[in-house]
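Okay, so here's the structure we're looking at.
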Amino acid sequence: MARYAMVVDLNTCTGCNACMAACAVENQTPFWDGKWRTTVEEISKGNSDESARRVFFPRLCNHCDNPPCVTVCPTGATYQTKDGIVDVDDEVCMGCQACTLACPYDARYGIHYEQNTEKKAVFGEATLKKTHPSVDKCNFCRDRVENHRLPACVETCVGNSRMFGDLDNPNDKVTQIVKSGLAQPLLPHLGTRPNVYYIPVHVQQVHFTREAVGEHGAHHATNEQFTDLTKEA
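Mapping to my numbering: the sequence shown position 41 is 397, numbers consecutive.
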């Protein structure tokens, strides 16, 4: 059984927002109302002309091993699969948004009747994936992963900033990055045990290719496709 995780290299994110566009189309999110499963924030760093720079910070559901959203859901609509993906059953969700309040990563939003009606016009009623008003969030493009494909945001990432893999596979490069300690999760002190990790700016560079997809949808790169993980001196 796989245990999926994502690593985001902040050194190579260009802020192009291709991941947001790909996710919106793949998962049919009401982007016209500013609702996205993944976003890219822009952060200004430095306090002088010489040190000033911009850092782009992709955000999404962290698919925690100890997800508070699952605990507070009164109907069981929010649940966790055996491979660690946290998902929402829109047919069971009653839209109370208790999960939205419980999520420390601000990774959920509600979809209302009017937005579902407009989704039919934008994406086509015949191919609509979710038809009920509910809470929505990233699910690592679960349908793609189950068909041995990468999440849309990973596949379209221009800078190869996003990497997706199986933490139960010791040979997976995502596993190796996480075990090296170079990539860190957000808010680890909360005890949610998130499975999205970030490589801080100016730590190192990782070469990642999207072509190879493993048996369970995880990426398995060869040694030639992966540089040594060394901290900047």
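Even for Gly, the Cβ is constructed at its ideal location relative to N, Cα and C.
Three-state secondary structure assigned by DSSP to residue i
| i | result |
| --- | --- |
| Ser490 | strand |
| Ala568 | Any reading at Ala568 needs caution, since the residue's pLDDT is 48, under 50, leaving its predicted position unreliable; the model's value is listed next. Coil. |
| Pro541 | strand |
| Glu502 | coil |
| Tyr465 | strand |
| Ser517 | coil |
| Thr385 | coil |
| Thr431 | coil |
| Lys485 | coil |
| Thr395 | strand |
| Thr370 | coil |
| Cys375 | helix |
| Asn472 | helix |
| Gln453 | coil |
One or two residues paired with residue i in a DSSP bridge
| i | result |
| --- | --- |
| Val442 | Gln436 |
| Val363 | Met519, Tyr553 |
| Lys401 | Arg409 |
| Pro414 | Val396 |
Local Cβ density within 10 Å of residue i, reported as buried at 16 or more and exposed below that
| i | result |
| --- | --- |
| Gln540 | exposed |
| Tyr469 | exposed |
| Pro544 | exposed |
| Ala574 | A caution first: Ala574 carries a pLDDT of 49, below 50, which makes its placement in the model too unreliable to give a value. |
| Ala378 | buried |
| Gly440 | buried |
| Thr487 | exposed |
| Lys485 | exposed |
| Arg410 | exposed |
Residue closest to residue i, alpha-carbon to alpha-carbon, out of the options
| i | options | result |
| --- | --- | --- |
| Cys366 | Pro550, Glu397, His545 | It is worth fixing the name first, because residue 366 is Leu in this sequence and not Cys. Measuring from the Cα of Leu366, the nearest candidate turns out to be Glu397. |
| Thr363 | Pro544, Lys391, Asn516, Met450 | Note that residue 363 is Val in the sequence shown, not Thr. Nearest of Pro544, Lys391, Asn516, Met450 to Val363, Cα basis: Asn516. |
| Ser536 | Tyr553, Thr487, Phe520, Val448 | Tyr553 |
| Gly521 | Pro507, Thr368, Val514, Tyr465 | Pro507 |
| Thr548 | Trp388, Cys372, Asn422 | Asn422 |
| Arg498 | Val491, His488, Cys509 | Cys509 |
| Asn495 | Asn373, Gln471, Asn551 | Asn551 |
| Leu546 | Val442, Val530, Cys513, Ala458 | Ala458 |
| Gln471 | Gly390, Thr437, Val514, Lys529 | Gly390 |
| Ala463 | Val444, Thr437, Asn525 | Val444 |
Residue i Cβ short of 7 Å to the ligand SAM heavy atom set
| i | result |
| --- | --- |
| Pro424 | Questions concerning the ligand SAM fall outside what the structure shown contains, since it holds no ligand whatsoever. |
Looking at C-beta atoms only, is the number of pairs between the segment 424-440 and the segment 402-414 that lie closer than 8 Å three or more?
Touching, no, given that fewer than three Cβ pairs across the two stretches are closer than 8 Å.
Under 8 Å, with one C-beta from each stretch per pair, do the segment 433-443 and the segment 364-383 reach the 3-pair mark?
Touching, no.
If contact is defined by three or more beta carbon pairs under 8 Å, each pair taking one atom from either stretch, is the segment 444-463 in contact with the segment 480-492?
Counting Cβ pairs under 8 Å, three or more are found: they touch.
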